[in-house]
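Student:
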Amino acid sequence: MTRPEDQEVKEERGYKMKLEKIDGKGKKLKFIAEDTNPAMMNALRRTTMNYIPVLAIENVGIIENSSPVFDEIIAQRLGQVPLVFDPDKFNMHEDCECEEGCSNCEVKFTLKGEGPGILYSGELNCKSGDVEVLYDRIPITEMDENQEVDLEATACLSIGKDHSKHQASVSSYQYYPIIDVDNDELTVEEKKSCQEICPRNVFELDGDKLNIENEERCTLCKECVEEVDSGVVVTGDEEKFIFKIESICSLDPEYIISKAAEVLEEKADKVVEKLS
Ligand code: SF4
Ligand SMILES: [Zn+2]
Numbered sequence: 012m013t014r015p016e017d018q019e020v021k022e023e024r025g026y027k028m029k030l031e032k033i034d035g036k037g038k039k040l041k042f043i044a045e046d047t048n049p050a051m052m053n054a055l056r057r058t059t060m061n062y063i064p065v066l067a068i069e070n071v072g073i074i075e076n077s078s079p080v081f082d083e084i085i086a087q088r089l090g091q092v093p094l095v096f097d098p099d100k101f102n103m104h105e106d107c108e109c110e111e112g113c114s115n116c117e118v119k120f121t122l123k124g125e126g127p128g129i130l131y132s133g134e135l136n137c138k139s140g141d142v143e144v145l146y147d148r149i150p151i152t153e154m155d156e157n158q159e160v161d162l163e164a165t166a167c168l169s170i171g172k173d174h175s176k177h178q179a180s181v182s183s184y185q186y187y188p189i190i191d192v193d194n195d196e197l198t199v200e201e202k203k204s205c206q207e208i209c210p211r212n213v214f215e216l217d218g219d220k221l222n223i224e225n226e227e228r229c230t231l232c233k234e235c236v237e238e239v240d241s242g243v244v245v246t247g248d249e250e251k252f253i254f255k256i257e258s259i260c261s262l263d264p265e266y267i268i269s270k271a272a273e274v275l276e277e278k279a280d281k282v283v284e285k286l287s
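As structure tokens, this is what we get:
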């Protein structure tokens, strides 16, 4: 997290992007970023998706598997199970002082079950550390009578760039819409069809006046522009953006954004260091 004194240093160095949260519920967050550019937005998008360390099951040792699902598929399914973890408590393997894995960079699980029945993610039993599954009803395999599964698994931190099971979020951005409506140039029919054709209900018709009600919902599809000869112009602001992020792991989107800013800053510092 950025401390107030760090913020002052950043502002002195020229980081002046303004952020305003416009929507955010649970795993989703939408905000406006101002005084920035597409390169910075794209860097933020890529970092939130590909460079935030996320814990996921990496190695699976099968002791017994007489279920109909192959060992490899069980291991693959376990890798996709989102885990609830404290990101400050774990190191990436390459940053850990140990050589062969320790409790600071790995978490051990066991999973055991007997048929008949379905073996769910919630039956993963964490043997070290304080880690749980985010969703406990993810089916891992189904077992018939006399079938069983017994395995050990190890989770570690890694990033989405290395494997999609470590991907933290799905993120996107768009130019902030600038919508110009000249009511004097539009016929009543054109105003009506603009309102009807807009898939995001951006316009509202007040008598014979076409008003812009939900500018932020506009996706710049330009359907409205194609409905009229002139009188509606839609463009994107090149210094203002709408950024959307949905966390697909246990981390909050706010944490992912703030961590992404840290990662970008570290990368920029490394470039400066190499060039100096
Ligand atoms: S560009 Fe598309 S989304 Fe935006 S106001 Fe026009 S029709 Fe609606
Ligand atoms: Zn270690």
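Every number in the numbering used here is 11 more than the matching position in the sequence shown, counting from 1. Just so it is clear, CB atoms sit at the ideal spot from N, CA and C, and this is done for glycine as well. Here the structure is a predicted model, which is why all the values come from computation and not from measurement.
Should Cys107 be counted as a contact of ligand 2 given a C-beta to heavy atom distance under 7 Å?
Tutor: Yes, the beta carbon of Cys107 sits closer than 7 Å to at least one heavy atom of ligand 2.
Student: Closer than 7 Å: is that where the CB of Asn48 sits relative to any heavy atom of ligand 2?
Tutor: Checking the Cβ of Asn48 against ligand 2 gives no.
Student: I need the boundaries of the beta strand (DSSP E) containing Gly35, first residue and last residue.
Tutor: Run containing Gly35: Lys29 to Lys36, per the beta strand (DSSP E) assignment.
Student: Taking just the CA atoms, how far does Cys137 sit from Asn61?
Tutor: So the two alpha carbons sit approximately 26 Å from each other.
Student: When DSSP labels each residue in this structure, what does Pro79 get in the three-state scheme?
Tutor: In this structure, Pro79 counts as coil in the three-state DSSP scheme.
Student: For Phe252 versus Met103, is the C-beta spacing smaller than 8 Å?
Tutor: Going by C-beta atoms, Phe252 is not nearer than 8 Å to Met103.
Student: On the premise that Val244 lies in contact with Cys229, defined as a C-beta separation below 8 Å, what is that separation, rounded to the nearest angstrom?
Tutor: Actually they are not in contact, since the Cβ atoms of Cys229 and Val244 sit about 12 Å apart, beyond 8 Å.
Student: Would Leu168 pass as a contact of Ile74 if the rule is Cβ separation under 8 Å?
Tutor: No.
Student: Any heavy atom of ligand 1 closer than 7 Å to the CB of Ile189?
Tutor: Ile189 Cβ: outside cutoff for every heavy atom of ligand 1.
Student: Return the chain-ordered ranges of every alpha helix (DSSP H) run that is complete within the segment 61–108 and spans a minimum of 4 residues.
Tutor: As far as the segment 61–108 is concerned, its whole alpha helix (DSSP H) runs of at least 4 residues are 82–90.
Student: Using CA atoms only, rank isn't needed, just tell me which of Pro150, Ile268 and Leu135 is closest to Lys32.
Tutor: Checked all of Pro150, Ile268 and Leu135; the closest Cα to Lys32 is Ile268.
Student: Go through its chain and collect everything with a Cβ distance to Met12's Cβ below 7 Å, but skip five positions before and after it.
Tutor: With a pLDDT of 44 at Met12, under the threshold of 50, the modelled position of that residue is not reliable, and the figure given next carries that caveat. Hits under 7 Å: Ser269.
Student: From Glu69 to Thr165, what distance separates their C-alpha atoms?
Tutor: So the alpha carbons of these two residues sit roughly 6 Å apart.
Student: Starting from Gln206, follow the alpha helix (DSSP H) in both directions and report where the run begins and ends.
Tutor: Val199 to Ile208 is the span of the alpha helix (DSSP H), which, as asked, contains Gln206.
Student: Distance check for Gly242 and Asp195, CA to CA, integer angstroms please.
Tutor: Looking at the two C-alpha atoms, the distance is approximately 8 Å.
Student: Would you kindly check if the distance between the Cβ of Lys176 and the Cβ of Ala271 is under 8 Å?
Tutor: No, they are not a contact pair.
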